[in-house]
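Take my numbering: the final residue in the sequence shown is number 184, and no numbers are missing along the way.
No residue lacks a Cβ here, since even glycine has one placed at the ideal position from N, Cα and C.
Below: the structure, in structure tokens.
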Amino acid sequence: MDPVIETLVSAGPLGAVIVGLAVAFWRQSRALADVQKDRVEDAKKVTATLLVLNDKWNDTLNHLATVVDALKERR
110 MDPVIETLVS AGPLGAVIVG LAVAFWRQSR ALADVQKDRV EDAKKVTATL LVLNDKWNDT
170 LNHLATVVDA LKERR
């Protein structure tokens, strides 16, 4: 038998508590990792949206500059 398991079994109820806490910790770690992955995906979506909006803004400014230049030439 593994020495860790032997130690936990010999600890009696305290060993069961330690195993329970370890399982709870593992579950919380997995849940945290899942939430972090979701946050990364959300951040990627927001960044992509902002880049699209920035491109549209730059296109609008370039078009406006072209129109202003054309109006200046008419004078």
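So Arg136 is in the alpha helix (DSSP H); what residue range does that whole segment cover?
Counting from 1 along the sequence shown, the entry for residue 136 is found at position 27. Residues 122–183.
Beta-carbon spacing of Gly185, Leu117 below 8 angstroms
Any property of residue 185 remains undetermined from this structure, which presents the chain solely from 110 to 184.
Is any heavy atom of the ligand ZN found at a distance shorter than 7 angstroms from the C-beta of Trp135?
What this structure holds is no ligand at all, so the ligand ZN is not there to describe.
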